[in-house]
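Here's the structure we're looking at; comments come further down.
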Amino acid sequence: MEAAARSWRRSSSSHSLFQFFIFSLAILLLMLNVPTVSASETTNKASRKTYKSFIKKACNSATYPSDCYKSLSKYASAIKTDPEKLYRVSLFVTIKAARKTSFSISTLWRLKGLSRTERAIVRDCASTISYAIDEMKQSLTVMANIQGADHKSELIENIRTWVAAALTDEGTCTDEFDGQKVSYEVNKNIKKTVLNLSKLTSNCLALLNTLSNRS
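Sequence positions in the sequence shown follow mature numbering (1 follows the signal peptide of the UniProt record, and there is no 0) and run -39 to -1, 1 to 176.
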């Protein structure tokens, strides 16, 4: 029995020593203010900050800087600090918004009670936004061939032409509203969404300078 007691005391002593060691280590870590994040996490955070700073600086030259940064910063890890990737993502985001706008316009055909003027606006805007999507796609096709190209400046001008044409088509849609009385639904689903799309397209046009300055 006495042997069992000695064994229990040794076990208890070892347990207390282990607890003391853990407690001391915790205090030491607090005193040293050791960060809880790993080195790789710290590096990743620093990288993301650098990438977002790059996007922020590029967007300062855009027509609508805040809209530019808001639309592109979520893709910072893909863009990094590469102007070509920045522009490719900018085109992608704009095409995505154009498709969403096109869908929004198409839903209006199901609305009852549209006036003749409103139906004409829906029809014309559906056509012009479709043209804008095609033109932005052409820009993306040209962009795919720009890396390492000898005639880079010529390709950039081609992109500029396509993006400018898309912006013109979007403007043609919103011009349809001038002097016309339209319902809230038509105004919300077309004019508002097309104006937002025009901001992205306008930013695309301005961001071409990030490529021009590199060519």
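Built from N, CA and C at the ideal position, the CB exists for glycine as well.
Relative to L128, the option among V103, Y36, L158 and K17 whose CA is nearest is L158. Residue nearest to T122 within the set I66, Q99, G109 and T133 is Q99 (criterion: CA-CA distance). For I151, the closest C-alpha among the options K10, C29, F64 and K41 is that of F64. Contact annotation: the stretch 106 to 126 does not touch the stretch 65 to 80, with fewer than three C-beta pairs closer than 8 Å.
In the three-state scheme derived from DSSP, where H, G and I count as helix and E and B as strand, G132 is classed as helix. Excluding five sequence positions before and after R49, the CB atoms of its chain that fall closer than 6 Å to its own CB belong to M104, given in chain order. It is roughly 20 Å from the alpha-carbon of S51 to the alpha-carbon of A110. Not a single unbroken stretch of the beta strand (DSSP E) spanning 3 or more residues falls wholly within the stretch 108 to 159. V143 and T11 have their C-alpha atoms some 46 Å from each other.
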